[in-house]
Every structure is written in structure tokens, then in C-alpha cells.
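Colleague: Shown below is the structure under consideration.
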Amino acid sequence: MLPKRYSREIEIKWQDKWEEEGVYDFDENDEKRPIYSIDTPPPFTSGELHMGHVLSYSFFDFVARYKRMKGFNVYYPQGWDTQGFPTEVRVEKKYGRLPPEEFRKKCVEWTEEMIKRMKRQMKELGFSADWRYEYRTMDPEYHKKVQLSLIKMYKKGLVYRDKYPVYWCPRCRSALAKAELDDVVKKGVMVWLAFEDEKGGEHLIATTRPEMLPACQAVLYHPEDERYKALGDVLITPLGKKVPLIADKDVDKEFGSGLVMVCTFGDKMDVVWMHRYALAMEQIIDERGRMVNTGVKELEGLKVEEAREKIIELLESRQKVRKKKALEHSVKVHDRCGTVVELLPSMQWFADIKTPAKEIKAMAHRIQWVPDFGITYLIDWVEGAEWDWVISRQRLFGTPLPFYVCECGETAPAEELPFYPEKAAKKQCKCGKEMEPERSVCDCWVDSSITPLIIAGWPDEERMKKLYPVSLRPQGVEIVRTWAFYTIYRSGVALTGIPPFETILLNGNVLAPDGKKMSKSLGNVISPSELLKDYPADAIRQWAAMSGAMAKDRPFSYEDIHYAKAFLNKLWNASKFVINAGIRQEKPARLKTVDRWILSKLNATIKEVSEAMERYEFHKAIHAIHRFFWNDFCDYYLEYVKYRVYENNEKEGALYALTEVLEKTLLLLAPFTPHITEEIYQIFGRGSVHKQRWPFGEKVDEEAVKKGEMLKEIVSKIRQYKSNNRLSQGAELERCVVKGSIDEELKEEIKHVCRVKEVVVERSEGELAVEF
RNA sequence: GGGCCCGUAGUCGAAUGGUUAAGACGUCUGCCUUACACGCAGAAGAGUCGCGGUUCGAAUCCGCGCGGGCCCACCA
Numbered sequence: 000m001l002p003k004r005y006s007r008e009i010e011i012k013w014q015d016k017w018e019e020e021g022v023y024d025f026d027e028n029d030e031k032r033p034i035y036s037i038d039t040p041p042p043f044t045s046g047e048l049h050m051g052h053v054l055s056y057s058f059f060d061f062v063a064r065y066k067r068m069k070g071f072n073v074y075y076p077q078g079w080d081t082q083g084f085p086t087e088v089r090v091e092k093k094y095g096r097l098p099p100e101e102f103r104k105k106c107v108e109w110t111e112e113m114i115k116r117m118k119r120q121m122k123e124l125g126f127s128a129d130w131r132y133e134y135r136t137m138d139p140e141y142h143k144k145v146q147l148s149l150i151k152m153y154k155k156g157l158v159y160r161d162k163y164p165v166y167w168c169p170r171c172r173s174a175l176a177k178a179e180l181d182d183v184v185k186k187g188v189m190v191w192l193a194f195e196d197e198k199g200g201e202h203l204i205a206t207t208r209p210e211m212l213p214a215c216q217a218v219l220y221h222p223e224d225e226r227y228k229a230l231g232d233v234l235i236t237p238l239g240k241k242v243p244l245i246a247d248k249d250v251d252k253e254f255g256s257g258l259v260m261v262c263t264f265g266d267k268m269d270v271v272w273m274h275r276y277a278l279a280m281e282q283i284i285d286e287r288g289r290m291v292n293t294g295v296k297e298l299e300g301l302k303v304e305e306a307r308e309k310i311i312e313l314l315e316s317r318q319k320v321r322k323k324k325a326l327e328h329s330v331k332v333h334d335r336c337g338t339v340v341e342l343l344p345s346m347q348w349f350a351d352i353k354t355p356a357k358e359i360k361a362m363a364h365r366i367q368w369v370p371d372f373g374i375t376y377l378i379d380w381v382e383g384a385e386w387d388w389v390i391s392r393q394r395l396f397g398t399p400l401p402f403y404v405c406e407c408g409e410t411a412p413a414e415e416l417p418f419y420p421e422k423a424a425k426k427q428c429k430c431g432k433e434m435e436p437e438r439s440v441c442d443c444w445v446d447s448s449i450t451p452l453i454i455a456g457w458p459d460e461e462r463m464k465k466l467y468p469v470s471l472r473p474q475g476v477e478i479v480r481t482w483a484f485y486t487i488y489r490s491g492v493a494l495t496g497i498p499p500f501e502t503i504l505l506n507g508n509v510l511a512p513d514g515k516k517m518s519k520s521l522g523n524v525i526s527p528s529e530l531l532k533d534y535p536a537d538a539i540r541q542w543a544a545m546s547g548a549m550a551k552d553r554p555f556s557y558e559d560i561h562y563a564k565a566f567l568n569k570l571w572n573a574s575k576f577v578i579n580a581g582i583r584q585e586k587p588a589r590l591k592t593v594d595r596w597i598l599s600k601l602n603a604t605i606k607e608v609s610e611a612m613e614r615y616e617f618h619k620a621i622h623a624i625h626r627f628f629w630n631d632f633c634d635y636y637l638e639y640v641k642y643r644v645y646e647n648n649e650k651e652g653a654l655y656a657l658t659e660v661l662e663k664t665l666l667l668l669a670p671f672t673p674h675i676t677e678e679i680y681q682i683f684g685r686g687s688v689h690k691q692r693w694p695f696g697e698k699v700d701e702e703a704v705k706k707g708e709m710l711k712e713i714v715s716k717i718r719q720y721k722s723n724n725r726l727s728q729g730a731e732l733e734r735c736v737v738k739g740s741i742d743e744e745l746k747e748e749i750k751h752v753c754r755v756k757e758v759v760v761e762r763s764e765g766e767l768a769v770e771f
């Protein structure tokens with residue numbers, strides 16, 4: 000007997016049991032079943048799942064469960080993306096500043112706590128990952144593999160060290176991440192400086208950073224700007240330096256005079272242009288924010304703001320300033336101290352993405368993209384990339400870059416892995432000096448771009464043979480340019496030459512019910528843990544399935560989740576009815592038309608759902624199940640057979656059909672609602688529903704379908720009559736006339752199902768009609 | 001500014017170029033019928049953003065316009 004109501008207690012019971020019995024374990028020794036592996040995204044360990052996680056991880060879980068039932072040996076590990084700036088911020092807030100090693104230890108402790116919480120939520124949602132293969136990017140084992148992958152790329156010439164500008168806080172003397180910057184509107188001055196062409200003609204350039212003039216490398220104009228087209232290719236700065244004059248489409252014709260000077264480095268756009276035209280890098284600001292190597296002795300040693308005033312003064316005295324105008328503009332400041340940041344050239348590590356770009360694109364084309372337009376995000380990105388991937392970060396909680404560097408500029412890979420600079424062995428450079436272990440850590444995408452290798456046991460060749468490439472990479476559409484791209488590049492092109500996954504499945508995001516992005520500041524965030532207080536996991540999972548097409552964003556819908564919960568209730572109560580009526584698994588000799596009708600509908604539904612599952616169209620699958628079970632089975636078939644069940648009238652066929660429909664529906668629902676289906680499935684005494692095979696859609700009896708639909712229509716018309724006449728559906732009618740071609744069997748059904756004493760049939764080929 | 005996605009009842013959303021454009025929520029009417037009132041039966045409500053085109057036929061394909069969203073870049 001089923002408990003009176005379905006509840007979360009039932010879900011928790013099964014979650015514990017599944018874990019205990021290892022129901023979802025990947026079978027290492029199975030030689031027969033094909034392997035289906037899933038490269039699940041390792042979520043960043045923030046400590047709480049958000050609705051986007053719930054949506055996407057539900058999708059992954061549907062796939063895993065479906066494939067298991069289809070007979071695959073499913074390999075479904077789950078990892079954690081642990082390292083990064085947000086954790087550093089939170090740990091520093093809690094413990095203050097600590098020495099690096101102690102700080103990292105605290106970060107690890109913190110992260111372990113976060114993982115514990117998130118894992119609990121995943122379990123509560125019924126995700127069927129195999130936790131024996133859990134990985135964490137902060138583990139020494141993981142570090143080792145990331146480092147090995149970088150050394151291999153280094154040896155192939157794909158990883159190198161070069162100068163690159165980073166955001167720098169002159170006050171804190173530290174490199175900053177983008178996330179540490181705030182935009183602040185400040186008062187400034189725009190000055191128009193007089194440049195000269197080779198014939199002595201004067202051309203004005205508007206700038207808010209005249210102090211950068213000594214580092215001016217080029218002047219740019221828009222290719223369609225008539226004023227500068229015929230000017231030649233050199234211009235002379237007010238300081239007398241000759242610089243190239245270049246046409247570039249990114250210049251705004253309307254701004255100032257339509258000319259812009261490129262300096263090392265006034266702003267981010269200078270960096271773009273420097274790479275595009277291979278301009279020189281001339282550093283004139285040092286780590287303390289003071290001017291150096293400007294070639295203008297009045298500026299040397301001054302702070303940036305002082306230098307700005309000074310050079311205006313200087314240029315005015317040389318009559319090179321034509322106009323000045325006060326303005327307000329936005330500048331980037333360090334979020335913690337408010338100091339204006341500078342872009343400073345510094346030594347960074349790069350991964351070459353320009354040289355292998357073609358191969359990356361070609362490999363992306365060998366992967367199946369679902370939906371197919373997803374690949375355009377990657378192609379556009381590769382084609383638009385202006386420079387190589389900067390893989391180093393000046394942070395603490397990250398994978399150390401496994402290299403040594405020397406004053407002389409030489410670099411060398413580490414020999415012992417995992418490599419930690421504090422404990423690194425000494426190493427001598429070719430030049431004779433002692434090399435320094437690199438102290439920067441990796442960009443987080445360096446960690447996560449080898450997950451297919453990690454789960455496939457790389458570099459163990461035996462395991463790789465078995466598990467690489469992975470079958471499926473599910474991920475968010477918004478990280479195609481990062482995670483998908485970097486994975487195809489590193490795991491695929493650079494390290495194995497084989498596409499890292501066969502199929503990539505892209506999911507969209509969850510918006511707030513108001514259609515806007517969920518954000519704390521808008522106060523429209525819905526948290527999974529709050530939701531779990533009001534709705535069972537199986538309702539939340541159905542909501543995910545109902546959330547529309549892949550790669551599309553959708554607002555969160557309380558209506559859907561409400562409906563999903565109501566459906567669980569329906570399933571529960573219908574099951575109680577079937578159980579009370581009596582389970583019958585042997586097919587009786589005779590089935591009535593209605594029995595054959597519902598079994599045909601069932602088989603059609605199985606086919607429809609199977610096709611949708613193969614295409615990852617979960618909303619179609621769940622919709623087909625809902626429609627069949629609620630509308631056809633509960634609303635009609637159950638009503639059709641009640642008299643047979645209660646009055647023991649040709650009961651066997653009814654019991655068989657009821658049992659068959661319930662059993663098969665449970666199987667179809669199992670990937671979506673694993674808990675409730677498991678609980679009900681126990682009546683069959685065959686163990687876990689999740690160990691069963693996916694049902695096969697058998698033959699549809701066209702004649703029975705036709706008759707069944709006709710009966711449905713007649714019943715509906717009689718119900719309509721009763722409703723219009725304010726009668727209860729249980730009310731007995733004396734007589735009705737059915738116009739249409741129905742047989743004696745259907746006539747008898749109408750009498751019983753609609754409680755009509757006398758049914759008269761008038762044969763007619765026209766439209767069905769019922770008169771009273 | 002570049003790329004991509006989208007525009008369907010009050011709301012959210014389905015519809016290989018082919019009957020009367022699913023379904024859910026909400027609304028209205030009736031029904032406590034021995035699975036379920038977390039329910040049942042019934043009803044009303046759109047002709048698919050606008051304009052043009054292709055077609056025997058367009059929500060669906062093409063063009064333009066209008067309006068959203070996402071990602072990226074930028075404000076010298």
C-alpha cells in the first residue's frame with residue numbers, strides 16, 4: 000500500500016537507499032554494455048546551487064538516467080571548480096590577510112565546506128552522479144595534471160612567456176583582476192594637441208591622457224574619413240617623434256577630430272591596436288605610478304596626475320595645445336582603495352590560440368552541436384580573437400604555473416609535479432644564474448579545460464582508450480567561448496588530436512519570473528533551497544523538463560512547478576486506484592475496445608517520448624507523458640473501467656490495461672521523477688525502477704484508436720450536456736440518441752460510463768452528434 | 001558598434017510550409033461522482049509585432065522596419 004500522500008520524506012528515503020546500494024555506479028568491469036560518459040560542468044564552489052544549476056543539472060541527469068535505461072554503462076562523474084577570486088575575497092574577509100601558504104589552506108577548508116553544502120543540495124534534487132569519481136580542481140592530483148598538460152603544450156611551443164599589460168594598482172602595487180575594478184566618474188580635462196604631417200600641416204588629436212604622449216606609437220583614423228585618407232603614412236607628435244598613421248575601422252570618425260593616438264597604455268583599446276599592428280611597447284609608468292623613461296626630463300619621477308598637468312603646461316608653452324575642455328569621464332579604480340588603476344606591461348604566460356585557430360575550428364565542426372547554431376558562438380569567437388590567451392594570474396588560490404624563469408628571460412618547465420613554488424627544487428639557468436620558480440597561478444579555465452581528460456584518466460593510456468572521448472559535454476550556452484573553446488583547444492587540438500566529446504548539448508538560463516535576469520540587487524532571486532521547502536524534488540525536476548527548448552533562456556514559472564506538483568499528486572492517486580483494483584500482469588484472452596485503445600495510446604506515447612529523448616527535447620517528452628497520463632488515462636480510461644472494476648464486469652482486461660499503463664508510464668517518467676516512480680514501482684517487486692530497461696513502443700491498433708476517440712467524443716458531449724443542465728456527472732439520464740456509426744460494444748460502454756438507461760443509435764455517416 | 005537568439009490569448013509558452021494555431025496558469029459556470037477538491041466536468045479568450053515578397057497554401061521561408069534578450073567590444 001502506498002502512503003496517503005507523496006512527500007519529501009519518501010524522496011529522502013530513496014536518496015539514502017540509492018546511495019547505499021550504489022544504484023548509479025558505473026561498472027568498471029562490464030565488457031558488454033557500451034559506455035556513455037558525461038563531462039558534467041564542475042560548478043564553481045560558491046556554496047549554493049542557483050536555479051540555473053538546477054535547470055542544467057536536471058537536464059544532465061535526465062540524459063544519464065535515460066541512457067542507463069537504454070542499456071548503456073553510464074559514467075557520470077561530478078567535479079568542482081574550486082579555485083578563484085571570489086573564494087579569496089570571502090576567505091580574506093573572514094580571516095584577514097595571511098601568509099600565502101596559510102591563506103591557501105584556509106581557502107581549501109572554506110571550499111570543502113562549500114562543496115559539502117552543494118553536494119547535499121544535489122542529492123536532494125536526486126541527481127545520479129557517481130560520487131566515487133568526484134574531482135576537485137584544488138587537489139594536488141588535479142594540479143599535477145593541469146601542470147603536466149601545460150608542460151606538454153610548452154614543449155610544443157604553445158605556451159610561452161611575454162609582455163602583456165595588466166591592470167595594476169599603484170598604491171597596493173599589485174595586479175588586479177577585472178572583478179576588482181570599479182568604474183567611477185571623475186572630472187578630467189580633454190586637450191587638443193597639435194600633430195604635424197610631413198608637409199607641415201597641423202592635425203589635432205583630442206585626448207584625456209596627454210601624459211601618455213611620450214609613449215605614443217601610432218595615430219589612427221577611420222578608413223572612410225576623407226580628411227586623412229590622402230595624408231600619407233606618418234605623423235609627427237608634438238614632442239617631435241615620428242609615428243605611423245594607420246586607417247582602422249574601430250576609430251570613431253565623430254569623436255574629436257577623428258584622429259586617435261595609440262600609447263602604451265592609455266586604455267584597453269590601445270592594447271587591441273598594439274596587437275593588431277604589432278606596435279612597440281614602451282613603458283613610461285612604473286609600479287609606483289610614476290613616470291619613467293619618458294625622454295622628457297620635466298616629467299621624470301612625477302606621479303601620473305602631476306605629469307598630466309606638467310605636460311599640458313609644457314606643451315602650452317610650446318604652443319602645441321589648441322583647446323582645453325573640462326569633462327567628466329569614467330575611469331577604472333581599484334575597488335578596495337579607490338586608486339585609479341594603470342595598464343602596465345608585465346611578464347605573463349600565454350597559450351597560443353592564433354596558430355592552431357584553424358585546427359580548433361575544424362575540430363569544433365567534428366562535434367555534434369545541440370542545437371546546431373551553438374557552434375557559431377565558437378567560430379565567431381575564434382575568428383575575432385585579437386591576441387593569445389593570457390593564462391597566468393597574479394593570485395594565490397590557483398594552480399601554480401609549473402615553470403622557472405630567469406632574469407635573463409629564459410624559461411624552463413618544472414621537473415617534479417605537482418609543482419609548488421615555495422617547495423620547488425633549485426634550478427640553474429643556462430646563463431649560470433639561479434632560476435626563480437614562477438609565482439603566478441593559472442586562469443581557472445586552464446583548470447577546467449581538461450575535464451574530459453581528467454575523467455578519462457589521462458595520461459593513463461589504458462583508461463583513455465576506454466573513456467576518451469566522452470560521449471556528452473553538456474554546458475551553458477554562455478560559456479561556449481570559454482569552456483567549450485578552451486576544452487576543444489587544450490584537450491583536443493593540443494593534447495590528444497581527438498575531439499574531446501562527441502556531442503555538446505547547450506542549455507539556456509533561468510530568468511526571474513518577471514523575465515529579467517535574477518540578481519540580488521533586483522531582489523528577484525529564487526533559491527533552490529527555498530523551493531525545496533514547498534515542492535518535492537520531482538516537481539522541481541519536471542519544471543526543468545518543461546522549461547522549453549535547449550539553449551533558450553526562460554523565466555522561472557511558479558505555474559509550471561505548481562502544475563508539476565499537481566501531476567505528482569495525480570500519478571500518486573491514480574496509482575492507488577490501480578493498486579486497489581488489482582495488479583494483473585498476464586494478458587487475458589479478451590480485451591475490450593477501450594482496453595486496446597488505451598494500450599495503443601500508450602504505445603504511441605512511448606514512441607513519441609523515446610524520439611524526444613533521443614533529441615534531448617525534454618519538454619516534448621514530459622508534455623507527451625503528461626497529456627497521455629492525465630488526459631487520456633485518468634480523465635477517460637479510468638472512468639471507462641470503474642464500472643468493470645466495481646461490478647466485476649469483464650474485469651481482467653481492465654486490470655491488465657491499468658497495470659500495463661501504470662508500469663510503462665513509470666518507466667517513461669523515471670528519468671524525470673526518479674523518486675515517486677521508484678516508490679510506486681515497488682508494487683511490481685522487481686527492484687529499482689532505475690535498473691529497468693526503457694519500454695518499447697509496440698504496435699498501435701488503428702481501429703481501436705478510431706473507436707476509442709469516437710467514444711471519447713460522445714462521452715464528452717454527454718458530459719457537456721450534464722454540465723450545461725447543471726447536473727452532476729453522476730446523474731442518471733433516461734435516454735439519449737447517438738447519431739453516428741458506433742457498434743454494440745461502444746453503445747454498452749456509453750450506458751455504463753455515462754449512466755444512461757437507454758442509448759439509441761441512429762446510423763449516420765455524417766458528423767457525430769448526441770441528442771437527448 | 002559586432003555576433004547570435006527571439007517577438008504566438010491577460011501571463012508563460014508548443015506547433016517537419018498543409019484540417020478548426022497544443023498545453024499550462026489565470027478568468028467564468030457547474031459538480032464534495034467510493035483514486036485525487038492538491039480534484040472533476042464544461043465555457044470564454046489569439047489568427048501569430050508591422051509592411052512587402054516567395055508559394056496552390058506562411059506563425060513557419062526571404063527582405064525591410066519596430067521591439068526585446070544574450071554574449072563580446074568600446075566610450076580615446
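If you read the first sequence in numbering that gives the first Met the number 0, its first letter stands for residue 0, the second for the next number, and so on.
All residues carry an ideal CB built from backbone N, CA and C; glycine is no exception.
Give the DSSP-derived three-state secondary structure of Val250 in the structure shown.
Modeller: Note: Val250 maps to coil in three-state DSSP.
Colleague: Bridge partners of Phe500, per DSSP?
Modeller: In the DSSP output, where bridge partners are listed per residue, Phe500 has Val469.
Colleague: Could you tell me the distance, in whole angstroms, from the CA atom of Trp13 to the CA atom of Arg67?
Modeller: Roughly 18 Å between the two C-alpha positions.
Colleague: Using the DSSP secondary-structure output, state which residues sit across from Tyr35 in a beta bridge.
Modeller: DSSP output for Tyr35 lists Val73 as bridge partner(s).
Colleague: Given that a residue counts as buried once 16 or more other Cβ atoms are within 10 Å of its Cβ, and exposed if not, what is Gln584?
Modeller: With fewer than 16 other Cβ atoms within 10 Å, it is exposed.
Colleague: Using the Cα positions of Leu244 and Leu234, report the straight-line distance between them to the nearest angstrom.
Modeller: So the two alpha carbons sit approximately 6 Å from each other.
Colleague: Under the rule that 16 or more other beta-carbon atoms within 10 Å means buried, what is Ser448, buried or exposed?
Modeller: It counts as buried.
Colleague: Could you tell me the boundaries of the beta strand (DSSP E) in which Gly707 lies?
Modeller: It is not in any beta strand (DSSP E) - Gly707 instead sits in the alpha helix (DSSP H) that spans Glu701 to Asn723.
Colleague: Using a Cβ distance threshold of 8 Å, determine whether the segment 527 to 546 contacts the segment 495 to 505, with at least three qualifying pairs required.
Modeller: These segments do not touch.
Colleague: On the three-state DSSP scale, how would you describe Thr481?
Modeller: Reduced to three states, the DSSP call for Thr481 is helix.
Colleague: Quick check: what's the CA-CA separation for Asn723 versus Ala703?
Modeller: So the alpha carbons of these two residues sit roughly 30 Å apart.
Colleague: For a quick check, are the C-beta atoms of Gly257 and Arg226 less than 9 Å apart?
Modeller: Yes, the Cβ-Cβ distance between Gly257 and Arg226 is below 9 Å.
Colleague: For Lys429, collect the residues of the same chain with a Cβ closer than 7 Å to its Cβ; drop the 5 residues on either side in sequence, then sort them by chain order.
Modeller: These residues qualify, in order along the chain: Glu409.
Colleague: Would you please state the rounded distance, in angstroms, between the beta carbons of Ser470 and Ile741? I believe it to be under 8 Å.
Modeller: Ser470 to Ile741, Cβ: 51 Å. No contact.
Colleague: Tell me which same chain residues have a C-beta within less than 7 Å of the C-beta of Tyr276, skipping the five on either side of it?
Modeller: Excluding positions up to five away in sequence, the list reads Ala217 and Ile245.
Colleague: Secondary structure at Asn506, three-state DSSP: helix, strand or coil?
Modeller: Three-state result, Asn506: strand.
Colleague: When the Cβ atoms of the segment 16 to 25 are set against those of the segment 69 to 77, are three or more pairs found closer than 8 Å?
Modeller: Enough Cβ pairs lie closer than 8 Å, so yes.
Colleague: So Val259 is in the beta strand (DSSP E); what residue range does that whole segment cover?
Modeller: Run containing Val259: Leu258 to Cys262, per the beta strand (DSSP E) assignment.
Colleague: Would you call Glu312 buried or exposed, if buried means 16 or more other Cβ atoms sit within 10 Å of its Cβ?
Modeller: Under this definition Glu312 is an exposed residue.
Colleague: How long is the line joining the alpha carbons of Gly496 and Ala536, rounded to whole angstroms?
Modeller: Approximately 41 Å, taken between the alpha carbons.
Colleague: With DSSP run on the structure shown, which of helix, strand or coil describes Arg287?
Modeller: If DSSP states are grouped into helix, strand and coil, Arg287 belongs with coil.
Colleague: With Val736 as the anchor, note down where its beta strand (DSSP E) starts and where it stops.
Modeller: Unbroken beta strand (DSSP E) run through Val736: Leu732 to Lys738.
Colleague: Measuring straight from C-alpha to C-alpha, what distance separates Tyr166 and Glu112?
Modeller: Distance between the alpha carbons of Tyr166 and Glu112: 32 Å.
Colleague: Take Leu665 and list the residues in its own chain whose beta-carbon comes closer than 7 Å to its own, dropping the five residues that flank it on each side.
Modeller: Hits under 7 Å: Thr676, Ile679, Tyr680 and Val688.
Colleague: Between the C-alpha atoms of Val259 and Pro222, what's the straight-line distance to the nearest angstrom?
Modeller: C-alpha separation (whole angstroms): 13 Å.
Colleague: Tell me, please, whether the segment 479 to 492 touches the segment 99 to 117 by the rule of three or more beta-carbon pairs shorter than 8 Å.
Modeller: No, the segment 479 to 492 is not in contact with the segment 99 to 117.
Colleague: Helix or strand or just coil, what does DSSP make of Arg172?
Modeller: Reduced to three states, the DSSP call for Arg172 is coil.
Colleague: Can you tell which of Asp634, Tyr635 and Ser609 has its C-alpha closest to the C-alpha of Ala623?
Modeller: Nearest option by C-alpha distance: Ser609.
Colleague: Taking only three categories from DSSP, how would you classify Thr207?
Modeller: Here Thr207 sits in coil by DSSP.
Colleague: Among residues of its own chain, excluding the 5 on either side of Glu776, which ones have a beta-carbon nearer than 6 Å to its beta-carbon?
Modeller: In the structure as shown, the chain starts at 0 and stops at 771, and residue 776 therefore has no counterpart that could be examined.
Colleague: Using the three-state DSSP reduction, which class does Ala656 fall into: helix, strand or coil?
Modeller: Ala656: helix per DSSP, three-state reduction.
Colleague: On the CB-based measure, 16 or more other CB atoms within 10 Å of its CB, does Gln318 come out buried or exposed?
Modeller: Exposed.
Colleague: Out of curiosity, what's the CA-to-CA distance linking Asp266 and Pro164?
Modeller: C-alpha separation (whole angstroms): 10 Å.
Colleague: Output the residue ranges of the alpha helix (DSSP H) runs that lie fully inside the segment 348 to 388 and measure 4 residues or longer, sorted by chain position.
Modeller: As far as the segment 348 to 388 is concerned, its whole alpha helix (DSSP H) runs of at least 4 residues are 356 to 364 and 373 to 383.
Colleague: Can you tell me which of Arg754, Lys31 and Asn572 puts its alpha carbon nearest to the alpha carbon of Leu726?
Modeller: Leu726 has its Cα closest to that of Arg754, out of Arg754, Lys31 and Asn572.
Colleague: Below 9 Å between beta carbons: does that hold for Glu437 and Leu395?
Modeller: The answer is no: Cβ separation not under 9 Å.
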